[in-house]
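S.K.: In the working numbering, the protein residues as written are 5 to 828.
Beta carbons are placed, not taken as given, at the ideal position from N, Cα and C, and that holds for glycine.
Everything numeric in this text was worked out from a predicted model, so none of it was measured.
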């Protein structure tokens with residue numbers, strides 16, 4: 005009894021002390037059931053004596069690990085946990101357990117304020133660490149994307165927030181683009197990488213300019229664009245990134261900071277306030293970065309314009325200027341294709357003047373495009389820039405669809421103007437929305453300077469083009485032309501003079517015209533060209549070359565705008581072929597006239613000649629009678645009559661040849677193979693050739709074009725030439741017959757037959773007369789002089805030509821050219 009009385013007195017004293025300290029306390033037995041308590045239990049925890057006695061103290065206090073006798077060791081044990089009031093409210097507490105005889109004394113100390121102070125201290129440390137890290141990032145870089153990425157890392161790592169991301173307002177202020185994210189996968193933003201400025205949760209934060217807290221994202225209709233629930237994220241806060249305007253009287257958002265947590269109650273007003281501070285710092289830093297970026301861009305723009313001005317002043321070639329300017333512009337305005345379109349004088353069409361691209365394209369230099377129906381044409385006519393933001397979404401000008409077919413999505417065209425519309429400067433991209441009004445600020449000043457360069461270059465190009473055209477015309481003249489100054493020195497020669505003289509141009513410059521004539525092997529005229537300077541009149545002379553060819557030579561004075569002569573143009577034309585053709589024409593006229601005459605005369609002579617031939621044959625028969633043969637006065641009559649009869653038939657042969665010469669071909673024209681026809685003719689003459697040991701060689705082109713001709717006439721043609729060659733060749737002579745094909749213009753062809761013998765040849769004095777009727781070098785009585793004229797007539801009737809080459813003692817070559825039959 006004494007021991008219990010002492011224990012009770014001891015507890016009474018302890019309760020008094022603990023009540024004075026306002027610390028609720030319990031006396032519990034070995035089973036942790038309450039056997040007594042102090043008055044603070046009633047005052048602080050609201051429990052009555054009836055409520056507490058016999059209750060397990062574990063129902064009132066909760067510790068980690070769980071409160072039970074096994075965790076108690078030693079005289080005093082201190083634990084942390086919570087206590088529960090009668091009204092069900094809980095609070096953090098420090099639990100002190102003191103070992104007593106037969107049980108324990110449990111003292112509960114409310115530490116809610118201490119925990120709050122500790123949490124606040126922890127938060128302040130995080131804020132300080134965050135500010136330090138933020139300052140370090142903002143001072144380390146001017147790149148807004150790099151700054152944003154660093155801040156997202158700080159929010160997740162230092163503030164222990166589960167996820168964070170940042171959107172930036174685009175330059176048009178009508179949309180937002182995702183900049184960076186942390187703690188979530190890219191799939192969470194699959195439908196939200198670009199948003200309208202007023203869309204969804206992010207747009208609401210941006211448009212209101214205020215922070216927005218959502219405690220349960222799965223129940224909020226403003227967040228369907230963000231796939232956060234799959235990541236277990238529950239609460240979300242949007243913080244606008246604000247910055248003051250330049251005037252300083254209002255604030256504008258430049259982006260949105262988003263944070264998310266898996267805990268619904270993670271974000272307090274203090275958290276939002278602190279995140280707003282971070283957002284303000286980031287907003288200012290982003291705006292400063294943009295200002296620095298704009299200033300840098302302006303400096304680059306000024307440098308670019310200065311560089312372009314330097315390029316413009318250093319070159320007059322548009323292609324060279326464009327290549328360098330395009331290269332410089334690409335440093336600031338990216339493109340996949342750049343071009344200059346020039347407007348024609350009548351404003352009917354645009355011509356692509358220069359192109360710079362690595363893309364496959366049909367829109368190459370020189371391609372013509374209509375003015376109306378193209379954005380480039382609209383810009384050229386209206387002298388206003390135009391931007392196609394996405395050709396796949398909308399085509400304002402129908403012919404711009406060609407650009408879209410080549411993979412172009414966005415374009416920008418800038419007018420080129422210098423006293424008049426010149427055309428457009430164009431930049432194209434395969435990406436949509438590539439160009440904006442900010443690009444126009446760069447390109448418009450450049451286009452102004454480029455217009456000056458293009459105008460100057462076009463003038464220079466026009467002068468150069470006219471000069472090149474003059475030079476090409478000068479060199480394209482197939483006759484020989486050269487210019488000399490008034491001192492008689494050659495200033496320029498055309499290509500024909502160079503080819504004919506066999507000397508380079510520099511070897512002819514500063515020589516006299518007489519020296520040029522000597523190099524050309526032409527006998528010089530009796531007067532020098534500069535004698536013209538006195539009379540200002542043109543002169544003409546016919547000259548001959550050492551090989552006998554004929555030239556016409558004209559000399560014209562060059563007079564300037566003041567009427568003074570400053571030089572001479574010499575014009576030398578080879579007319580040898582012309583004279584030959586004229587001779588052929590005269591021959592053809594003669595042959596035609598002679599044919600008409602011969603046809604009439606031959607018929608008139610042939611009739612009486614036939615009567616004479618009949619009577620001569622009758623007399624010849626009578627002269628063979630025995631009575632006359634025995635008469636000595638008539639012994640010579642048979643011989644005379646034989647001679648008369650022979651000569652009469654010779655006359656008939658001549659008349660036949662005359663009629664053949666005068667008579668046009670009456671055969672049927674059809675498609676024939678000239679090679680096969682030549683082989684047929686060879687079979688006809690082969691016997692005679694073998695008897696005289698003549699060799700006939702054939703070199704016939706395979707697959708030779710067909711000709712439309714009279715096969716009988718062509719057989720006569722080849723027979724006459726071959727038999728003529730036989731006559732003038734010695735034994736063991738040879739004939740080569742070759743065939744070939746040549747082009748005659750853009751779509752025509754001709755068949756060329758070449759017949760060459762190694763006979764005695766034709767003298768130079770006779771070569772021009774071989775096709776004249778009745779001309780022959782054969783002895784009298786052996787030739788009529790009509791064989792080759794008949795050949796000439798046959799070829800002419802077939803719209804062909806026949807020419808002869810020969811040197812005495814070296815043989816003869818006939819060239820026959822017949823038009824090939826056109827393919828149908």
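(1) One question on the structure: do residue 97 and residue 115 come within less than 7 Å of each other, judged by their Cβ atoms?
(2) Apply the 10 Å Cβ neighbour rule to residue 520 and answer buried if 16 or more other Cβ atoms are within range, or exposed otherwise.
(3) Suppose the cutoff is 8 Å on Cβ atoms and the five residues either side in sequence are ignored; what does the same chain contact list for residue 175 look like?
(4) Going by beta carbon distance, what residues of the same chain come within less than 7 Å of residue 481, once the five residues before and after it are set aside?
(5) Determine the direct distance from the alpha carbon of residue 235 to that of residue 219, and round the result to whole angstroms.
(6) What would DSSP say about residue 168, mapped onto helix, strand or coil?
(7) Tell me the DSSP secondary structure of residue 345 in three-state form.
(8) How is residue 620 classed by DSSP in three states: helix, strand or coil?
(9) Whole angstroms are fine: how far does the CA of residue 305 sit from the CA of residue 358?
(10) Could you give the C-beta distance for residue 211 and residue 202, rounded to a whole number, given that I count them as a contact under 8 Å?
(11) Contact between the stretch 259-266 and the stretch 161-170 is defined here as three or more beta-carbon pairs at a separation below 8 Å; is this criterion met?
(12) Tell me whether the stretch 764-782 and the stretch 819-828 touch, counting them as touching only if at least three CB pairs, one residue from each stretch, are closer than 8 Å.
(13) Are the beta-carbon atoms belonging to residue 51 and residue 90 less than 7 Å from one another?
(14) If you check the beta carbons only, do residue 38 and residue 108 fall under 7 Å apart?
(15) With three or more beta-carbon pairs closer than 8 Å as the criterion, would you say the stretch 686-703 touches the stretch 795-806?
(16) Kindly indicate which three-state DSSP category residue 24 falls into: helix, strand or coil?
(17) Please determine if the stretch 188-197 and the stretch 321-334 are in contact, where contact requires at least 3 C-beta pairs separated by less than 8 Å.
(18) Evaluate residue 471 with the Cβ neighbour count: other Cβ atoms within 10 Å of its Cβ, from every protein chain shown; 16 or more gives buried, anything less gives exposed.
(19) From what residue to what residue does the beta strand (DSSP E) around residue 360 run?
(20) Can you name the residues that DSSP bridges to residue 33?
(21) Distance, Cα to Cα, residue 41 vs residue 102?
(22) 7 Å is my cut-off, CB to CB: does residue 170 come that close to chain B?
(23) Cβ atoms of residue 556 and residue 579: under 7 Å apart, would you say?
(24) Measure the alpha-carbon distance for residue 462 versus residue 405 and round it to whole angstroms.
(25) Among the candidates 395, 479 and 454, whose CA atom is the shortest distance from the CA of residue 422?
(26) Would you kindly work out how many angstroms separate the C-alpha atoms of residue 623 and residue 655, rounded to a whole number?
(27) Are the Cβ atoms of residue 705 and residue 743 separated by less than 7 Å?
(28) Residue 550 and residue 525: beta carbons closer than 7 Å?
(29) Considering just the uninterrupted stretch of the alpha helix (DSSP H) at residue 43, what are its terminal residues?
(30) Taking contact to mean at least 3 C-beta pairs separated by less than 8 Å, is the stretch 709-718 in contact with the stretch 744-763?
(31) Can residue 193 and residue 182 be called in contact, C-beta distance under 7 Å?
(32) Using a Cβ-Cβ cut-off of 6 Å (strictly less than) and excluding sequence neighbours within five positions of residue 383, which residues of its own chain qualify?
(33) As an exercise, report each continuous beta strand (DSSP E) stretch of at least 3 residues that is fully enclosed by the stretch 71-154, in chain order.
(34) Go through its chain and collect everything with a Cβ distance to residue 641's Cβ below 6 Å, but skip five positions before and after it.
(35) Quick test of the definition: if touching needs 3 or more C-beta pairs under 8 Å, does the stretch 474-488 touch the stretch 360-367?
(36) Rounded C-beta distance between residue 171 and residue 206? I'm assuming under 8 Å.
M.R.: With the given structure in hand:
(1) In this structure, residue 115 lies closer than 7 Å to residue 97 by Cβ.
(2) buried
(3) Listed in chain order, the non-local C-beta contacts of residue 175 below 8 Å within the same chain comprise 440 and 442, local neighbours out to five positions each way being set aside.
(4) 498 and 500
(5) 15 Å
(6) strand
(7) strand
(8) helix
(9) 23 Å
(10) 5 Å
(11) Using a C-beta cut-off of 8 Å, the stretch 259-266 makes contact with the stretch 161-170, since at least three inter-stretch Cβ pairs fall below that distance.
(12) Look at the beta carbons and you see the stretch 764-782 not touching the stretch 819-828: under three pairs across the two are nearer than 8 Å.
(13) yes
(14) no
(15) no
(16) helix
(17) no
(18) exposed
(19) For residue 360, the enclosing beta strand (DSSP E) begins and ends at 353-361.
(20) 107
(21) Distance between the alpha carbons of residue 41 and residue 102: 14 Å.
(22) The structure shown contains no chain B, having only a single protein chain.
(23) yes
(24) 30 Å
(25) 454
(26) When only Cα atoms are considered, residue 623 and residue 655 end up about 19 Å apart.
(27) yes
(28) A contact, by the Cβ cut-off of 7 Å.
(29) Run containing residue 43: 43-49, per the alpha helix (DSSP H) assignment.
(30) At 8 Å Cβ cutoff, the stretches touch.
(31) yes
(32) 390, 417, 419 and 428
(33) 80-88, 94-104 and 107-114
(34) 627
(35) no
(36) 6 Å
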